[in-house]
Every structure is written in C-alpha cells, then in structure tokens.
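S.K.: From first to last, the protein sequence lines are chains V and D. Sequential numbering of the first sequence, starting at 2, is according to my numbering. Sequential numbering of the second sequence, starting at 27, is according to my numbering.
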Amino acid sequence: MQTESRLRVKIGLEVHCQLTALKTKLFCSCSSDYRSSEPNEKICPVCFGLPGTLPVLNAKAVEYATMISLALNGTVANRSIFYRKNYFYPDLPKGFQISQYDKAGGVPIASSGFVQIEGKKVRITRIQLEEDPGKLSYEGTIDKSSHSLVDYNRAGIALVEIVTEPDIEDAREAKVFLEKLRSTIESLGVSNGELDGAMRCDANISLAGGARVEVKNISSFKEVEKALNYEILRQRTFSGNAASETRHWDERRSITIALRSKEEEQDYRYFPEPDLRPVVLEPGAIDGVRKAMPEGEDAKASRYTKDFRISPQLAKELAADKALSTYFDKCAELHHGYQEMAGLIVGGFSGDAMSEGRAATPEEFVELVRMIESSSITRAQAKEALRESLRTGKPVRKVVELRNLSAVVDEGAIAAVIEKVVAARPEALAEARSDKKAFSYLVGQVLKEEPKAQPGVVAKLLARRLRK
Amino acid sequence: MKSQPSVGPHHVPSMVSKGEMSAEEYIGSIFDRIERLDSRLHAYLQLNREGALAKARELDRRAKKGERLGRLAGMGVAVKDIICVRSLQATCGSKILVGFNPPYSATAIRRIEQEDGIILGKTNLDEFGMGNTTQNSAFGPTLNPWDVARVPGGSSGGSAAAVAAGMASVALGTDTGGSIRCPASFCSVVGLKPTYGRVSRYGLIPYANSLEQIGPMGREAESVSLLFDAIAGHDPEDATSAREPVRPATGGGLKGLRIGRIKEFFGEGAQPRVKERVLDGCAKLETLGAEAEETSISSLPYSLAVYYIIAMAEASSNLSRYDGVRYGLSLEKGTADWNTAFARTRSEGFGEEVKRRILLGTFVLSAGYYEAYYVRAQKVRALLTQEFALVFKKFDALLGPTMPVLPPKLGEKVSPLEDYLIDINTVAANLTGLPAISIPCGFVDGLPVGMQVIAPRFREDVLLKVATVFGGEQGLKSPPLAEAA
Chain V
2 MQTESRLRVK
12 IGLEVHCQLT
22 ALKTKLFCSC
32 SSDYRSSEPN
42 EKICPVCFGL
52 PGTLPVLNAK
62 AVEYATMISL
72 ALNGTVANRS
82 IFYRKNYFYP
92 DLPKGFQISQ
102 YDKAGGVPIA
112 SSGFVQIEGK
122 KVRITRIQLE
132 EDPGKLSYEG
142 TIDKSSHSLV
152 DYNRAGIALV
162 EIVTEPDIED
172 AREAKVFLEK
182 LRSTIESLGV
192 SNGELDGAMR
202 CDANISLAGG
212 ARVEVKNISS
222 FKEVEKALNY
232 EILRQRTFSG
242 NAASETRHWD
252 ERRSITIALR
262 SKEEEQDYRY
272 FPEPDLRPVV
282 LEPGAIDGVR
292 KAMPEGEDAK
302 ASRYTKDFRI
312 SPQLAKELAA
322 DKALSTYFDK
332 CAELHHGYQE
342 MAGLIVGGFS
352 GDAMSEGRAA
362 TPEEFVELVR
372 MIESSSITRA
382 QAKEALRESL
392 RTGKPVRKVV
402 ELRNLSAVVD
412 EGAIAAVIEK
422 VVAARPEALA
432 EARSDKKAFS
442 YLVGQVLKEE
452 PKAQPGVVAK
462 LLARRLRK
Chain D
27 MKSQPSVGPH
37 HVPSMVSKGE
47 MSAEEYIGSI
57 FDRIERLDSR
67 LHAYLQLNRE
77 GALAKARELD
87 RRAKKGERLG
97 RLAGMGVAVK
107 DIICVRSLQA
117 TCGSKILVGF
127 NPPYSATAIR
137 RIEQEDGIIL
147 GKTNLDEFGM
157 GNTTQNSAFG
167 PTLNPWDVAR
177 VPGGSSGGSA
187 AAVAAGMASV
197 ALGTDTGGSI
207 RCPASFCSVV
217 GLKPTYGRVS
227 RYGLIPYANS
237 LEQIGPMGRE
247 AESVSLLFDA
257 IAGHDPEDAT
267 SAREPVRPAT
277 GGGLKGLRIG
287 RIKEFFGEGA
297 QPRVKERVLD
307 GCAKLETLGA
317 EAEETSISSL
327 PYSLAVYYII
337 AMAEASSNLS
347 RYDGVRYGLS
357 LEKGTADWNT
367 AFARTRSEGF
377 GEEVKRRILL
387 GTFVLSAGYY
397 EAYYVRAQKV
407 RALLTQEFAL
417 VFKKFDALLG
427 PTMPVLPPKL
437 GEKVSPLEDY
447 LIDINTVAAN
457 LTGLPAISIP
467 CGFVDGLPVG
477 MQVIAPRFRE
487 DVLLKVATVF
497 GGEQGLKSPP
507 LAEAA
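#1: Grab the span of the beta strand (DSSP E) containing Tyr-70 of chain D for me, first residue to last.
#2: Can we say the segment 109–117 of chain V touches the segment 306–321 of chain V, given the rule of at least three CB pairs closer than 8 Å?
#3: Pull up the DSSP beta-bridge partners for Cys-18 of chain V, would you.
#4: Using only the alpha-carbon positions, how far apart do Leu-430 of chain V and Ala-408 of chain V sit?
#5: Check whether the segment 36–48 of chain D and the segment 476–483 of chain D touch, using three or more Cβ-Cβ pairs below 8 Å as the test.
#6: Got a sec, what are the start and stop residues for the alpha helix (DSSP H) Glu-283 of chain V sits in?
#7: Would you check if the segment 20–36 of chain V and the segment 124–144 of chain V touch, i.e. whether three or more CB-CB distances between them fall below 8 Å?
#8: Report the rounded CA-to-CA distance for Thr-428 of chain D versus Cys-308 of chain D, giving the unit in angstroms.
#9: Any idea if Asp-64 of chain D is buried or exposed, counting beta-carbon neighbours within 10 angstroms, 16 or more meaning buried?
#10: Does any residue of chain D have a CB that is nearer than 8 Å to the CB of Arg-388 of chain V?
#11: Quick check: the Cα distance between His-36 of chain D and Val-16 of chain V, rounded to an integer number of angstroms?
#12: What are the boundary residues of the alpha helix (DSSP H) that Trp-250 of chain V is part of?
#13: What's the gap between the Cα of Arg-434 of chain V and the Cα of Lys-469 of chain V?
#14: Counting only Cβ pairs nearer than 8 Å, list the residues of chain D close to Arg-85 of chain V.
#15: Cα separation between Tyr-70 of chain D and Val-281 of chain V?
#16: Starting from Gly-426 of chain D, follow the beta strand (DSSP E) in both directions and report where the run begins and ends.
#17: Three-state secondary structure (DSSP) at Thr-126 of chain V?
#18: Could you tell me which chain D residues have their CB closer than 8 Å to the CB of Ala-333 of chain V, listed as they occur along the chain?
#19: Could you tell me the distance, in whole angstroms, from the CA atom of Ala-386 of chain V to the CA atom of Ile-373 of chain V?
#20: Can you confirm whether Met-2 of chain V, when its beta carbon is compared against all beta carbons of chain D, has any partner nearer than 8 Å?
#21: Of all the CB atoms in chain V, is at least one closer than 8 Å to the CB of Ile-231 of chain D?
#22: Can the beta-carbon of Cys-213 of chain D be found closer than 8 Å to that of Ala-187 of chain D?
#23: Looking at chain V, which residues of the segment 110–123 of chain D have a Cβ within less than 8 Å of any of its Cβ atoms?
#24: Please confirm whether Val-57 of chain V has its beta-carbon closer than 8 Å to some beta-carbon of chain D.
#25: Got a sec: which bits of the segment 259–270 of chain D sit with their beta carbon under 8 Å from any beta carbon on chain V, in order along the chain?
#26: Would you please state the rounded distance, in angstroms, between the beta carbons of Gly-53 of chain V and Leu-355 of chain D? I believe it to be under 8 Å.
#27: Under 8 Å Cβ to Cβ from Leu-73 of chain V, same chain only, skipping five residues before and after it: list those, please.
#28: Measuring only the C-alpha atoms, how far is Cys-48 of chain V from Pro-442 of chain D?
#29: Return the CA-CA distance between Gly-179 of chain D and Pro-433 of chain D, expressed in angstroms with no decimal places.
#30: Return no unless some Cβ of chain D is closer than 8 Å to the Cβ of Val-151 of chain V.
#31: Is there at least one Cβ from chain D nearer than 8 Å to Lys-95 of chain V's Cβ?
#32: How about Met-101 of chain D and Gly-143 of chain D: are their beta carbons less than 8 Å apart?
#33: To the nearest angstrom, report how far apart Val-215 of chain D and Ser-464 of chain D are at their CA atoms.
#34: Going by beta carbon distance, what residues of the same chain come within less than 8 Å of Ala-22 of chain V, once the five residues before and after it are set aside?
#35: Are the C-beta of Arg-352 of chain D and some C-beta of chain V separated by less than 8 Å?
#36: Where does Val-380 of chain D sit, in a helix, a strand or coil, going by DSSP?
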C-alpha cells in the first residue's frame with residue numbers, strides 16, 4: 002500500500018518559447034518566418050554553422066526576453082553571459098548550442114521570478130535566451146525509422162527558456178500554469194503560441210521520494226496534460242521505484258518512451274561563448290523596457306482593484322482578456338461606474354465579439370450603463386441589448402427603443418408579483434426567513450415572472466414582506 | 027619576364043597605379059617563381075592563378091584609364107588556408123574539410139580585394155593552426171627556404187615561406203599562440219599579431235576564438251604596414267571587433283622610446299646564441315635612440331599552461347561541427363547510426379595533434395575538472411593581463427626573442443610537451459590580447475633569429491615603427507634558394 006507522501010507529485014517545467022514577433026533569427030539576419038518554407042530554405046552560413054562565421058546578437062531579442070522576464074516578476078541581470086552547451090546531434094549545426102547557464106559562473110538574463118495561479122505562486126528559477134536547433138524528421142515513428150532527415154530552417158530561431166521550481170502538483174495545475182504563462186507572454190506581443198511549435202515544454206516529474214524523470218518532446222501545451230497524466234500513472238503503477246531517466250513523449254501513441262538513463266546523461270561542458278560579449282543592461286535600460294512594455298495581466302488586475310475598486314474576481318476576469326480590458330480602459334475614461342461597467346463587459350461580451358469589431362462603441366456602452374444606474378433599465382435588459390446589438394449590428398440605443406426595454410420601477414406592481422409568487426409557494430416563504438438560499442430562490446422566481454423588475458427593488462420588497 | 031622587379035613590394039601599388047609597372051607582369055612573375063620554387067618548399071596548397079591574373083589585367087586596364095586604384099593595387103597576397111576566400115577550397119590543412127568551398131570571404135579578404143590586392147592562393151599550415159612547424163598538415167610539411175632540412179615554423183608556415191622566398195608580396199597568417207610570429211622568426215620575415223579585436227575574425231575558421239587574430243606577414247615592415255592598414259578596423263559581423271580607431275603609422279625615429287627587456291623571455295630554455303642576437307638587436311635599437319632596461323613579469327612562467335588549457339578547451343568545442351552531416355569528409359553516411367558515422371568521420375578526418383587537443387580540451391571542460399582547469403586558467407590570464415598593464419606604465423614596448431630556439435630539423439622527434447614549450451615567449455600576447463611583432467634579427471649559422479616586440483593595446487603603430495626603423499638598418503637578405511631562382 003502506497004503512503005500519501007509516496008503519491009505526492011512534484012512537477013517542474015522547462016518551457017521553450019520562440020520569440021515569433023522577431024523578424025530575424027537570434028544571431029543572423031535570416032528570416033525567422035520559416036513555417037511556410039521548404040526545408041533548408043531559410044538558412045545562411047551563420048545559422049548553418051559554416052566554419053569561420055560568427056554570431057551577432059539580435060538586440061530586439063534581448064529586449065523581448067527582458068520583457069518576458071519582467072512580466073514573470075524576474076530579476077533581470079545587469080550583465081548576462083552566453084554559454085556554449087556542447088553536444089553532438091545532427092540537428093545542431095555547430096556541435097554546440099549558444100545558450101545561457103546559471104552554474105559554472107554563468108548568468109542568465111533573469112532569475113527568481115514567479116507566476117501566480119489559483120492562489121499559489123509557481124516559482125521561476127531562471128529565464129534564458131538561446132538558439133533553437135534544427136529539426137529532425139522521421140519516416141514513421143522515432144524508434145522505427147531507418148534514417149533521419151534534417152531541416153535547419155529552425156536553427157538559430159530565438160528562444161526564451163523558462164525553468165520553474167518543482168512547485169506544480171498535478172497535470173491540471175501544469176495546464177493552468179502554462180495557460181497563464183502563455184497569455185502573459187502573448188499579451189506582451191513577443192510570441193504567438195498559436196504557431197506550431199512556438200511554445201514547447203519539457204517536464205520533470207517525481208512522485209515524492211522517487212526519482213526524477215524528465216519527459217522531453219512535448220510539442221504543445223495541449224499535449225502537456227496528457228503526457229503528465231500518462232507519466233504519473235506509469236510511475237504509480239511501476240513496481241518498485243521509477244528510475245531516474247529521460248523519456249520521450251510519443252504524441253502519436255500517447256505514451257512516454259525511455260531515451261536514456263541519468264547515468265548516461267551527457268556532460269554538456271558549458272563554458273562562456275568567446276564569440277559574443279556579455280549582454281549589458283544598465284538599470285536605466287531595464288526601466289525603459291519596463292515602461293514601454295504592455296501592462297501584464299496581474300498588474301492590470303491589481304490596478305483595476307486598486308484604482309477602480311473593482312472586486313478582485315471580476316478584475317481578474319477582465320484583465321485576463323486583452324480585448325475586454327482594452328475596451329474597459331476606454332470606457333473608464335468616459336465614466337466612473339467602474340464596477341457596473343466591468344460586470345457588464347465581462348457578462349455581456351465575449352472576447353471574440355470584441356475582436357470582430359461589432360460591439361457597441363464605448364460611448365454607446367456608457368450610455369447604456371447610465372440607463373442602468375438611473376434604473377431606467379435592468380442589468381439583465383442591458384446585457385440583452387448588448388447581445389442583440391452584437392448579433393444584428395444595430396446600435397444599442399436602437400435596440401433598447403425597438404424592444405421597448407425599460408425597468409419596472411413601480412413598487413406596487415412589483416409587490417403584486419411578489420404576492421403572486423408567494424401564494425404559489427407558501428412553504429418557501431417560511432424557509433426564506435431563515436435561509437439565504439431560499440430567499441435568493443424567491444427573488445429569482447419573482448424576476449422570472451417579471452424580467453423588467455430591478456433585482457434590488459425585488460429584494461427590498463421581499464424582505465419587507467417577510468417581516469409581515 | 028623572368029625575375030620580379032627588384033623593388034620592395036610596398037612600392038608596387040603606387041607603380042601599378044601610375045602605370046609604371048604592369049600588374050599582370052608582376053603577378054605573372056610571382057607565379058613563375060612559385061612554379062620554380064614551390065615544388066621544393068610546398069608553401070601553397072592551392073593556387074588562384076586564373077583569378078589573380080584576371081584581376082591584375084583589370085587593374086592594368088583601370089590604371090590606363092587613369093582610375094584611382096586601391097592602396098594594395100597589384101600586391102600579391104598569399105592566404106593561410108584557414109581564412110575563407112569565396113569559392114576557393116578551405117581545408118585548414120585537414121582531411122576533414124576537403125571539398126569545402128566557403129560561399130563567403132573573410133572580412134579581411136573582402137577588404138584586401140576592395141583595396142585591389144590580389145589573392146594568389148592558399149598556403150599550408152599545421153592542421154587547424156595547431157602546431158609550430160607546419161608538419162601537422164594533412165597535405166605534407168612546408169620546408170624552410172633558408173634550409174630545406176628545417177621546418178619553417180608554424181602554424182602559418184606556408185605564408186612565411188611564401189613571402190621569404192618571394193612567392194608572394196605579402197601574406198595573411200593567423201596567430202592563436204604565436205602562429206604568425208613563430209614562422210616569421212624561423213623564415214626571417216616580419217609578422218604582426220594585431221591587438222585582439224583589431225582585425226575582424228569573420229571568415230577565420232576558429233581554433234581558439236578568444237586568442238586568435240588574422241595578421242599581416244611580409245619581408246619588409248612597410249608592406250606589412252600597408253596590409254595591416256587595409257585589414258584593420260571595426261567589423262559589425264564580428265561581435266568581438268574593436269571600435270577603437272586605427273592609429274595611422276607614424277614616421278620618425280625611436281628617440282625616447284622606452285623598451286623593457288623581459289627577463290623571463292631570456293630564460294634558461296632559450297638558446298644562448300639566439301639570446302645574443304636579440305640582445306644585439308636591442309643594443310642597435312638603443313643606438314637608434316631607444317632606451318632599454320630589463321624588467322620582469324612574474325606570472326609569465328604560467329602562461330604556457332594557461333594558454334594550452336584555454337586553447338584546447340575552445341578548440342574541442344569549435345571542432346565539434348565537423349561531423350560529416352553538412353560539408354567536408356563524411357564517412358558511413360546512411361550506412362550507420364549517426365554516432366558511429368560521426369566517430370568514423372572524426373577519427374579518420376582529424377590528425378593526431380588535433381585529436382590530442384580535442385581530447386585534452388574536452389577533459390578540461392568536463393564536470394568536476396572545469397573549475398580546476400578552465401576557471402583557474404582564466405584567473406591567471408586576468409592576472410597576466412594586469413601585470414602587463416602595470417609594466418606598460420613604465421615602458422612603451424617590451425622585447426625578447428620570438429622563439430627561444432633556431433628552426434628545428436624536419437621530422438625531429440620531440441614529445442608533444444617539448445614541442446609546446448617552444449611557444450613560451452609567444453603565448454602571452456594572445457592571452458592578454460596585446461599586439462606583438464616578430465622582426466628579423468640576424469642569423470646564427472645561417473639560420474634566422476626573430477626579435478619579438480610587444481606593445482600596449484592598439485599600439486600596432488609603435489611596433490610597425492620599430493620594425494621599419496630596425497629593418498631599414500638591418501637591410502634585407504634573401505634565402506640562398508630564392509636568390510638562385
């Protein structure tokens with residue numbers, strides 16, 4: 002029988018994110034747009050590793066990596082160094098990868114960040130800039146193919162590697178983390194995770210007390226949850242302890258395959274890249290990047306709660322969607338009913354509708370919000386008007402007029418509806434005196450009977466009725 | 027035309043520009059000499075006869091039209107076969123690169139061509155620059171024009187022999203631990219290793235990136251100056267290239283020049299008669315106005331160990347790319363798994379010395395040894411650099427024998443360690459990035475002796491001035507073999 006601690010899972014992730022917004026590769030001026038190219042079409046003597054060529058660092062890549070580092074709450078190094086990671090592999094044109102390192106005197110571009118998810122922090126160990134290798138193609142599967150084909154188009158593409166501490170406890174949490182990471186990076190406009198292979202992941206998994214197993218070749222975030230669930234199950238059902246090893250995720254068959262044991266693990270012989278100077282970022286330059294970069298999701302949410310007094314949950318939802326928060330920011334310049342506007346935007350729009358551009362203008366939207374505030378329409382009616390406006394393309398005000406939307410403000414009329422509802426459910430009335438849920442149920446029933454009623458007014462009148 | 031004009035190569039550009047000399051005839055006469063002499067010396071691995079003559083004819087046509095020609099107009103440049111010249115095979119003296127024709131030229135080559143210099147061909151070298159005799163070439167050794175029983179030095183032995191024997195106006199060498207200065211000394215020519223970062227390394231196939239530079243070699247200091255001016259300067263394609271402006275060579279004498287004779291350079295390992303010649307040379311500099319005094323750099327004895335650790339570490343990584351997948355020698359392609367194919371290609375493609383250095387370099391970078399070797403070597407390197415900087419507060423130039431010995435006999439059996447030991451005086455300039463020059467400094471039993479002068483960073487002008495003044499006094503001698511040709 003396995004003990005509880007034996008079952009506890011620790012997962013650390015290594016995420017590779019291509020800086021797809023760059024026009025050129027990390028160390029040469031080849032186009033970074035290789036996805037629609039024929040194999041080995043987007044290469045030059047530098048990224049093909051011909052002898053005598055030298056790398057020249059893409060300054061924009063440093064700026065983008067700095068943005069990511071800051072958005073992930075990392076400490077950006079004032080002086081970071083490129084290292085050579087030496088190993089033989091056919092997709093590696095120079096026999097080494099120009100990367101960064103945090104041991105052997107190495108300093109990566111950033112260290113010690115974190116990503117906040119579901120009330121916990123996943124700590125980031127380090128963030129580093131490196132070049133992507135080329136890509137091998139196999140006929141059939143990796144273990145059955147008789148030969149490999151190499152495409153060097155990807156070689157030299159700028160990658161940011163983000164390494165986490167083993168703070169993740171299950172596959173679902175890994176997925177939540179990766180989604181948060183992806184939206185954070187995408188909101189900076191430096192990488193597009195939609196592109197095939199733009200964001201990839203290796204995972205280190207250990208069942209506490211057991212050995213660490215590394216799973217490589219997880220080609221997309223979608224695959225991560227599958228791969229982790231498979232691997233956790235495999236390790237749990239393993240008789241005895243799982244071996245410390247590196248495994249390969251076979252996407253087609255949805256299983257992990259042993260690649261090599263840790264004893265066979267390579268010694269990468271890291272040492273400073275002599276062809277490149279250290280990357281020097283003065284504090285002023287880092288501040289410059291910070292000021293120029295788009296606001297991150299977490300920063301935005303906290304700004305909403307702090308400056309606009311929007312409830313934390315709503316602020317988080319609003320900040321998580323770039324289109325919605327941009328819309329909100331415009332409306333916030335026109336009107337001060339922040340909580341009302343935020344609620345209506347999150348409840349009334351989907352991000353897609355926003356990006357399709359058929360939504361009400363901020364001016365029209367603010368007009369609608371004023372109607373709610375003056376009790377001339379209900380919140381439910383406002384949402385209905387927004388949705389219909391989106392669907393039909395008609396201006397919101399027109400929809401309100403045409404549908405003759407207006408709130409019932411006559412308390413006598415609402416009281417009459419309450420009587421009708423209570424009469425039908427006398428037992429509910431008694432329960433509602435002591436039970437909040439029952440009270441809410443009754444309010445809902447009244448609104449169902451009279452959708453134009455203001456929920457606040459209904460609650461007030463119902464409470465009065467209960468005291469009778 | 028049988029023999030080349032009896033003018034120093036540095037006069038060629040102005041004569042060709044003015045139409046006083048035909049570039050075609052001049053270059054033709056160089057190829058004639060190559061034909062007569064190089065079957066014995068084996069300085070060249072590959073000739074660019076057609077390309078060179080075509081370029082020479084073009085220069086003559088342009089001169090006739092009164093066009094302004096570049097400052098190297100008509101000079102024939104021999105290029106060490108570790109520097110890429112577009113569409114000429116680049117072998118690095120290794121079997122592993124046979125068939126590799128780079129689709130680009132080194133920045134230094136492009137600048138030479140812009141200045142209307144003419145590329146004559148590619149010269150022999152120790153494989154990947156690893157050696158000091160040019161015997162470690164996969165294509166056979168180059169012989170010393172002063173005594174064909176002896177080595178020309180290395181690794182730029184082909185370039186040194188070519189200029190010494192008049193088979194080139196000037197030449198490009200590369201210097202990682204003395205590879206320009208050693209053969210310059212053994213062949214009695216002037217060879218300059220520039221300050222690290224002074225000449226772009228783009229297109230130089232690397233042996234040890236943090237140590238090496240491309241540099242000019244020639245029989246006279248004036249032509250070395252011309253070639254240096256053409257190739258020096260910042261290059262955006264080399265991130266380690268310096269932005270410091272190039273100092274123009276100045277005329278004038280040596281009056282007031284403070285020279286430090288480095289005690290350690292005249293150590294026990296140096297042959298007494300070599301030391302004598304260099305002391306004579308130093309005395310002559312004093313008669314020309316310089317003030318010389320003995321000084322010491324205490325960490326110099328460590329420089330050899332430090333050099334070999336760093337050079338081999340970098341080499342082991344640089345040479346990883348020769349796996350047979352993309353270019354050059356490729357064995358077992360498609361017939362074995364890739365590890366086997368890599369191993370076969372590399373085992374058969376590399377020579378003994380290259381393999382020795384890859385193994386040692388791999389060892390010093392390995393986990394558990396990295397701190398003890400590589401990191402410590404870098405610390406001593408920093409110390410050495412500081413010590414030189416301190417000494418340069420007192421002196422304008424430092425001096426000693428370039429090589430502590432006379433050119434060894436071809437095929438002389440020495441252990442690798444003994445072989446490494448003769449680099450004792452040259453490696454410090456590479457470790458510290460300082461510019462250094464070897465200047466012909468007389469003979470012992472008919473064999474050349476070289477005097478090394480080291481200057482502060484970016485002060486090649488000081489070195490070239492010393493070489494020009496000293497060389498003017500010394501006069502120019504030709505090897506008997508070349509005289510006869």
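A virtual CB, placed ideally from N, CA and C, is assigned to each residue, including glycine.
M.R.: According to the structure shown:
#1: 70–73
#2: no
#3: V:Val-161 and V:Met-200
#4: 25 Å
#5: no
#6: Glu-283 of chain V -> no alpha helix (DSSP H), and no H or E assigned at all.
#7: yes
#8: 13 Å
#9: buried
#10: no
#11: 59 Å
#12: Trp-250 of chain V -> not in any alpha helix (DSSP H); beta strand (DSSP E) instead, spanning 246–251.
#13: 11 Å
#14: Ser-343
#15: 44 Å
#16: 423–427
#17: strand
#18: Within chain D, no residue comes near Ala-333 of chain V; the closest Cβ sits about 46 Å away, beyond 8 Å.
#19: 12 Å
#20: In this prediction, Met-2 of chain V scores a pLDDT of 42, lower than 50, which makes its location untrustworthy; no coordinate-derived value is stated.
#21: yes
#22: yes
#23: Cys-110, Ala-116, Cys-118 and Leu-123
#24: yes
#25: Pro-262, Glu-263, Asp-264, Ala-265 and Thr-266
#26: With 8 Å as the limit, Gly-53 of chain V and Leu-355 of chain D do not qualify as a contact, their Cβ atoms being about 17 Å apart.
#27: Ala-111, Gly-114, Phe-115, Val-116, Ile-125, Ile-128, Ile-163, Leu-182 and Thr-185
#28: 36 Å
#29: 7 Å
#30: yes
#31: yes
#32: yes
#33: 8 Å
#34: Tyr-65, Gly-190, Val-191, Ser-192 and Asn-193
#35: yes
#36: helix
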